[in-house]
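Position one of the sequence shown corresponds to residue 95 (the working numbering), numbered consecutively onward.
Heads up, the beta-carbon is just placed ideally off N, CA and C, and yes, glycines get one too.
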Amino acid sequence: TIEATKVVEANEKLYINREEGFMGTGLKKDEFICNCSDIDDIIIFYKDGKYKVVRVSEKMFIGKNVLYINVFKKNDTRTIYNVIYRDGKDGLHYIKRFAVTGVTRDKEYDLTQGKPGSRVVWFTANPNGEAEILKITFKPKPRLKCLFIDKDFSDIAIKGRQSMGNIVTKNEIHKISLKEKGGSTLGGRQVWFDRDILRLNYDGRGEYLGEFHGNDQILVIMKNGDFCTTSFDATNHYEADIMIIEKYDSGKTWTAALNDADQGYPYLKRFKLEPTQKKQNFLGENPKSSLILLTDESFPRFEVVFGGNDAFRDPLIIDAEEFIGVKSFKAKGKRISTYTVETINELEPLRKEIPQPEVPEAELPDDTDAVTGSQSEGNSDILDEITGQMKLF
Numbered sequence: 095t096i097e098a099t100k101v102v103e104a105n106e107k108l109y110i111n112r113e114e115g116f117m118g119t120g121l122k123k124d125e126f127i128c129n130c131s132d133i134d135d136i137i138i139f140y141k142d143g144k145y146k147v148v149r150v151s152e153k154m155f156i157g158k159n160v161l162y163i164n165v166f167k168k169n170d171t172r173t174i175y176n177v178i179y180r181d182g183k184d185g186l187h188y189i190k191r192f193a194v195t196g197v198t199r200d201k202e203y204d205l206t207q208g209k210p211g212s213r214v215v216w217f218t219a220n221p222n223g224e225a226e227i228l229k230i231t232f233k234p235k236p237r238l239k240c241l242f243i244d245k246d247f248s249d250i251a252i253k254g255r256q257s258m259g260n261i262v263t264k265n266e267i268h269k270i271s272l273k274e275k276g277g278s279t280l281g282g283r284q285v286w287f288d289r290d291i292l293r294l295n296y297d298g299r300g301e302y303l304g305e306f307h308g309n310d311q312i313l314v315i316m317k318n319g320d321f322c323t324t325s326f327d328a329t330n331h332y333e334a335d336i337m338i339i340e341k342y343d344s345g346k347t348w349t350a351a352l353n354d355a356d357q358g359y360p361y362l363k364r365f366k367l368e369p370t371q372k373k374q375n376f377l378g379e380n381p382k383s384s385l386i387l388l389t390d391e392s393f394p395r396f397e398v399v400f401g402g403n404d405a406f407r408d409p410l411i412i413d414a415e416e417f418i419g420v421k422s423f424k425a426k427g428k429r430i431s432t433y434t435v436e437t438i439n440e441l442e443p444l445r446k447e448i449p450q451p452e453v454p455e456a457e458l459p460d461d462t463d464a465v466t467g468s469q470s471e472g473n474s475d476i477l478d479e480i481t482g483q484m485k486l487f
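Pasting the structure below:
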């Protein structure tokens with residue numbers, strides 16, 4: 095039996111009207127936020143540092159100055175919020191990282207120290223504990239030699255949501271900008287696929303897909319030859335006719351035997367699958383072409399059994415590597431035979447691929463446009479930049 099709680103799907107869409115301060119699933123003409131279910135909780139952060147969790151509804155007033163809004167998952171220790179806030183109207187700036195694992199619904203909380211005039215000046219929500227690097231530019235003042243610093247969120251410990259945080263600087267900040275997106279500081283995330291509800295989960299239900307990091311993707315192959323790649327977000331929903339779902343490996347070679355509807359003969363092709371959010375098909379453009387078998391064996395062998403008027407012929411043994419080279423998934427492939435084919439069976443390979451040890455890549459120099467003390471950009475250049483920039487927030 096399928097658990098009732100697993101069947102709840104993200105079958106609603108959440109919208110927000112920022113100008114009037116309303117949120118709900120019924121505001122279909124307003125800004126789309128995310129997919130949700132009708133029993134989800136929603137977490138809302140405001141620009142003054144206040145935040146709360148509310149039940150999703152068709153329309154409700156949540157106020158203005160909303161900074162961030164999304165579905166709230168109770169006991170979620172992986173979603174980490176990276177924040178810099180100003181303490182009061184003219185106070186110091188503090189940096190902190192925290193998770194929100196459990197709160198009382200409709201109760202207002204504060205990620206700042208609560209002083210009037212406090213304001214969030216940098217905010218990111220990171221589903222796998224990612225930590226970015228920021229470039230912080232100061233307002234010029236006498237005897238201030240360096241007008242900028244880099245701040246790496248991975249250097250900041252993840253603490254409780256009520257933590258004050260660390261002082262960023264005692265200098266007045268002019269601008270904060272993203273220097274570099276970062277990877278997860280929590281390590282990889284283990285992902286499973288539950289075929290009962292066609293959803294991913296992190297709770298150990300269904301088929302184990304592996305451990306995923308920041309930019310890793312999931313490969314989905316359908317029975318009709320369609321394929322695509324997706325993120326490993328648990329909100330993803332998949333179609334029912336999935337043949338293969340696994341962690342995407344750009345180096346993997348696939349071998350397919352197919353009935354080519356245009357030519358009327360069986361073909362064999364070997365190819366690699368490209369990452370693509372849009373569905374593509376490796377059987378070709380004719381929807382009447384059909385897949386006989388698909389394997390990711392490195393050195394596959396096949397037995398071709400003839401039928402009809404050719405049933406008297408001995409089976410044909412094909413070594414796929416010798417039969418055809420690896421080409422694009424869009425290539426037509428090579429015809430297996432002009433005789434009548436009854437079945438094509440995969441045989442045990444005569445050799446297996448020997449895994450090669452991973453060699454760590456050499457670190458490349460950082461060629462981003464952020465300034466460091468050893469780079470040639472001087473304070474005069476930054477002063478020119480400041481002159482043409484708007485004030486921070």
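How would you call Asn222, buried or exposed, if buried means at least 16 neighbouring beta carbons within 10 angstroms? buried
Can you list, in chain order, the residues of its chain with a C-beta nearer than 6 Å to that of Asp320? Leave out the 5 residues immediately preceding and following it. Lys373, Asn375
Beta-carbon within less than 8 Å of Phe326's beta-carbon, same chain only, minus the 5 sequence neighbours each way: which residues are those? Arg283, Val285, Leu294, Leu303, Phe306, Asp310, Gln311, Ile312
Buried or exposed, going by whether 16 or more other CB atoms sit within 10 Å of the CB of Asn354? The question names Asn, yet the displayed sequence has Asp at residue 354. So Asp354 ends up on the buried side.
Hey, how far is the Cα of Ser271 from the Cα of Val420? So the two alpha carbons sit approximately 44 Å from each other.
So what's Asp200 in DSSP terms, helix, strand or just coil? coil
Can you tell me whether Asp310 is helix, strand or coil according to DSSP? coil
Quick check on Ser422: does DSSP put it in helix, strand or coil? Residue state for Ser422 is assigned as strand, using DSSP reduced to three classes.
Of the residues Gln357, Tyr342, Gly345, Leu362, which one's Cα is nearest the Cα of Ala351? Leu362
Among Glu266, Asp124, Leu238, Gly298, which one has its Cα closest to the Cα of Tyr179? Glu266
Glu490 in three-state terms, based on DSSP: Residue coverage of the chain in this structure runs from 95 to 487, which leaves residue 490 outside it and unanswerable.
Excluding the five sequence neighbours on either side, which residues of its own chain have a C-beta within less than 8 Å of the C-beta of Ile338, listed in chain order? Apart from sequence neighbours up to five positions away, the residues of its chain that approach Ile338 with a beta-carbon distance below 8 Å are Leu313, Val314, Ile315, Leu388, ordered along the chain.
Residues in the same chain with beta-carbon distance under 6 Å from Val150, minus the five sequence neighbours each way, listed in chain order, please. Hits under 6 Å: Cys130, Asp134, Ile136.
In terms of DSSP beta bridges, what is His268 paired with? DSSP lists no partner for His268.
Paired residues, beta bridge with Phe192 - DSSP: Tyr175, Lys253
Could you spell out the range, first to last residue, of the beta strand (DSSP E) harbouring Ile156? Careful: Ile156 lies outside any beta strand (DSSP E) and carries neither H nor E.
Status (buried if at least 16 other CB within 10 Å, exposed otherwise) for Lys229: buried
Does the Cβ of His331 have 16 or more other Cβ atoms within 10 Å, making it buried, or fewer, making it exposed? exposed
Paired residues, beta bridge with Leu108 - DSSP: Cys128
For Lys201 and chain E, any beta-carbon pair shorter than 8 Å? Of the chains in the structure shown, none is chain E; there is only one protein chain.
Contact set for Thr324: own chain, Cβ-Cβ below 6 Å, skip 5 residues either direction: Correct list, in chain order: Ile312, Asn330.
DSSP state of Ser325 mapped onto helix, strand, coil: coil
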